[in-house]
Amino acid sequence: MKKAFLVVLYFVPMLALSDTQSPYAGQEHRAIKSLSEDEIRALQRGDGMGFAKLAELNQFPGPKHVLAVADKIGLSDAQRQQTAALFEEMRANAIATGVELIEAEARLDRAFAERKLDAAALQAALIEIAGIRARLRYVHLEAHLRQTALLDADQIRRYDAVRGYHRGKH
Numbered sequence: 505m506k507k508a509f510l511v512v513l514y515f516v517p518m519l520a521l522s523d524t525q526s527p528y529a530g531q532e533h534r535a536i537k538s539l540s541e542d543e544i545r546a547l548q549r550g551d552g553m554g555f556a557k558l559a560e561l562n563q564f565p566g567p568k569h570v571l572a573v574a575d576k577i578g579l580s581d582a583q584r585q586q587t588a589a590l591f592e593e594m595r596a597n598a599i600a601t602g603v604e605l606i607e608a609e610a611r612l613d614r615a616f617a618e619r620k621l622d623a624a625a626l627q628a629a630l631i632e633i634a635g636i637r638a639r640l641r642y643v644h645l646e647a648h649l650r651q652t653a654l655l656d657a658d659q660i661r662r663y664d665a666v667r668g669y670h671r672g673k674h
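Numbering (this note's numbering), first residue to last: 505 to 674.
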């Protein structure tokens with residue numbers, strides 16, 4: 505009995521230590537600490553990353569998903585062409601802005617790594633990053649506005665149904 509107690513006593517502190525490991529453990533090896541590899545790739549591809557979720561869920565479809573369900577919502581050839589052009593424009597702008605965001609985050613990461621940062625420089629870097637993020641979100645949200653103008657009310661209703669959105673009271 506005494507041996508069992510000593511074994512338990514030996515392992516209890518180890519259990520306590522294992523709970524103190526940071527959820528960031530392992531992320532110190534990232535190229536840019538604030539962005540995962542998946543996030544970097546998504547920004548480089550111009551992916552939506554949830555930037556336009558509020559538009560999508562408020563009956564403002566986006567061009568990428570409209571193209572994916574074009575037949576199911578009855579897009580005309582003209583609508584299909586306009587939507588494809590809108591998507592390519594949005595994607596190009598999102599990629600360019602996403603690359604800007606990656607570069608700004610990399611500069612901030614480097615400044616911390618090199619310990620070459622004061623409060624004023626930090627504030628300037630964060631304002632720059634926030635501005636880039638806002639522009640990136642605008643690129644995505646504005647595409648949803650423009651896409652919605654290309655559709656009629658019935659197409660939007662069908663789009664919502666195909667996407668699994670159930671319209672209720674807001």
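From the three backbone atoms N, C-alpha and C, an ideal C-beta is built for every residue, glycine too.
From the options, residue whose alpha carbon lies closest to that of residue i
i: residue 603; options: 585, 550, 627; result: 550
i: residue 575; options: 663, 668, 558; result: 663
i: residue 639; options: 593, 598, 528; result: 598
i: residue 605; options: 658, 543, 577, 656; result: 543
i: residue 556; options: 620, 635, 594, 619; result: 594
i: residue 665; options: 532, 618, 577; result: 577
i: residue 667; options: 641, 568, 548; result: 568
i: residue 548; options: 642, 618, 656, 601; result: 601
Cβ distance (whole Å) where residue i is taken to contact residue j below 8 Å
i: residue 610; j: residue 536; result: 5 Å
i: residue 570; j: residue 651; result: 6 Å
i: residue 527; j: residue 648; result: With a Cβ gap of about 33 Å, residue 527 and residue 648 do not count as contacting.
i: residue 538; j: residue 613; result: 7 Å
Inter-residue Cα distance where the pair is residue i and residue j
i: residue 673; j: residue 644; result: Reliability fails at residue 673, whose pLDDT of 48 lies under 50, so the model's placement of it is uncertain and the value that follows must be treated cautiously. Their backbone Cα atoms lie some 25 Å apart in a straight line.
i: residue 591; j: residue 633; result: 25 Å
i: residue 654; j: residue 637; result: 26 Å
i: residue 630; j: residue 616; result: 13 Å
i: residue 553; j: residue 546; result: 7 Å
i: residue 608; j: residue 628; result: 11 Å
i: residue 582; j: residue 646; result: 20 Å
i: residue 589; j: residue 620; result: 44 Å
i: residue 580; j: residue 669; result: 23 Å
i: residue 678; j: residue 596; result: Nothing about residue 678 can be reported from this structure: the residues present for the chain run from 505 to 674 only.
i: residue 530; j: residue 524; result: 14 Å
i: residue 586; j: residue 635; result: 29 Å
i: residue 534; j: residue 657; result: 46 Å
i: residue 642; j: residue 532; result: 31 Å
Contact with chain D by residue i, beta-carbon distance below 7 Å
i: residue 525; result: Considering every chain present, this structure includes no chain D. It has just one protein chain.
Quick one: any contact between the segment 609 to 624 and the segment 558 to 577, if contact means 3 or more CB pairs under 8 Å?
no
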